[in-house]
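A.B. asks:
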Amino acid sequence: MIALTSRDIVAAEAHYHASCYRNYTRNKEDSNENEEEKVTDEFILYHKVEGEAYQELFEYIREDIIPNKRIIPVTSLTTKLESLMLSGGVNLLKDSTKKNMHRRLKSELGGAVEYFSDDKGKLLMVPCCVSLKDVVLENQNLHRELKLWKAKSTDINKIIDQTSSHIRTAIKKDMIFTPWPYHPSDVATHIAIQ
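Mapped onto numbering that gives the first Met the number 0, the consecutive letters of the sequence shown carry residue numbers 0 to 193.
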C-alpha cells in the first residue's frame, strides 16, 4: 500500500488552486471548539433526557400495564417515550432511540413481559401475568358482544328508526322557542336575556 501524508494530498489536490490550499491551511480551531462544545452539550442533554424518559416509561409499565394485565402495542410505548422526551427538552427523537427501544425494553423488563406480532405485523407487549384463562375469557366476551352487534345490525330499518328518534329528541331538547317573524320587541328581550 502507498502511504500518503497530508502534505502529499495538498500537493496533489491543491497544486493549481491557491484558494484550496489557503482554505486547507486556515486555522479553524475557535469555531470548531465552539461547535464541538455545542454538540457535546446537546449529546449530554439528549442522553440525560432519554434516560429520564426511559425511567418514567418503565415506571408506567410496572405500575399500570403489568398490574392491569393490559396488552399494548409497542408503537404506543414509542409515542409515549417520544412525548416524555419532547417534554424534557429534546427537539427530535433520534432514529436509533426508536430502533433500540425494543432491545432496551427487553433488557430492563426481562421476563415480566413477552412480545408478539399481531395479524397485521404490529409488535404487542403482553405482561406475563396474563394467563391463558384471561385470554380465553376475554375472547368469549368479545364473541358474545360481536354476536349481539350482528343481531342488532340485521334489521337496518330498526337501527335507522332508533337513531332518528335519538337525533330528534336531542334537537328538541336543545331548541329554544323563537317567534317568527321577529318583532323588534322580541329581539330586544332576547338580547337582554342573554
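Ideal Cβ placement from N, Cα and C applies to all residues, glycine included.
When DSSP builds the beta bridges, which residues end up paired with E62?
C.D. replies: According to DSSP, E62 bridges with nothing at all.
A.B. asks: Quick check on this structure: which residue in T74, Y181 and W179 has the alpha carbon closest to the alpha carbon of G120?
C.D. replies: Cα-wise, what sits closest to G120 is T74.
A.B. asks: Helix, strand or coil: which one does DSSP assign to V125?
C.D. replies: In the structure shown, V125 sits in a strand (DSSP, three-state: E or B).
A.B. asks: If we call anything under 8 Å between Cβ atoms a contact, is V112 one with V48?
C.D. replies: The answer is no: Cβ separation not under 8 Å.
A.B. asks: Cβ atoms of L108 and P72: under 8 Å apart, would you say?
C.D. replies: No, they are not a contact pair.
A.B. asks: For M0, count the other beta carbons within 10 Å of its own beta carbon; 16 or more makes it buried, fewer makes it exposed. Which is it?
C.D. replies: Reliability fails at M0, whose pLDDT of 46 lies under 50, so the model's placement of it is uncertain and the value that follows must be treated cautiously. When all chains shown are included, M0 counts as exposed.
A.B. asks: Going by the DSSP bridge assignment, what does P72 pair with across the sheet?
C.D. replies: Its beta-bridge partners are L123.
A.B. asks: Taking all protein chains shown into account, do 16 or more other C-beta atoms lie within 10 angstroms of the C-beta of A169, making it buried, or fewer, making it exposed?
C.D. replies: So A169 counts as exposed.
A.B. asks: Pick out whichever of A150, D40 and Y45 has its Cα sitting closest to the Cα of Y94.
C.D. replies: Rather than Tyr, the amino acid found at residue 94 in this sequence is Asp. Among A150, D40 and Y45, the Cα nearest to that of D94 belongs to Y45.
A.B. asks: Let me make sure I understand the geometry here. Which of K98, R103 and K132 has the alpha-carbon closest to that of Q54?
C.D. replies: The candidate whose alpha carbon is nearest that of Q54 is R103.
A.B. asks: Determine the burial state of H189: buried for a count of at least 16 other Cβ atoms within 10 Å of its Cβ, exposed for fewer.
C.D. replies: With a pLDDT of 49 at H189, under the threshold of 50, the modelled position of that residue is not reliable, and the figure given next carries that caveat. Result: exposed.
A.B. asks: Can you give me the C-alpha to C-alpha distance between L145 and N156, rounded to a whole angstrom?
C.D. replies: Using only the alpha carbons, I get a separation of about 20 Å.
A.B. asks: Looking at C-alpha atoms only, which residue of F57, E81, E62 and N99 is the closest neighbour of L91?
C.D. replies: Answer by Cα proximity: E81.
A.B. asks: S163 lies in the alpha helix (DSSP H); which residues open and close that run?
C.D. replies: Its alpha helix (DSSP H) spans residues I155 to D173.
A.B. asks: Please classify L83: is it buried, with 16 or more other beta-carbons within 10 angstroms of its beta-carbon, or exposed?
C.D. replies: Classification for L83: buried.
A.B. asks: What's the C-alpha gap between K79 and W179?
C.D. replies: The alpha-carbon atoms of K79 and W179 are separated by roughly 54 Å.
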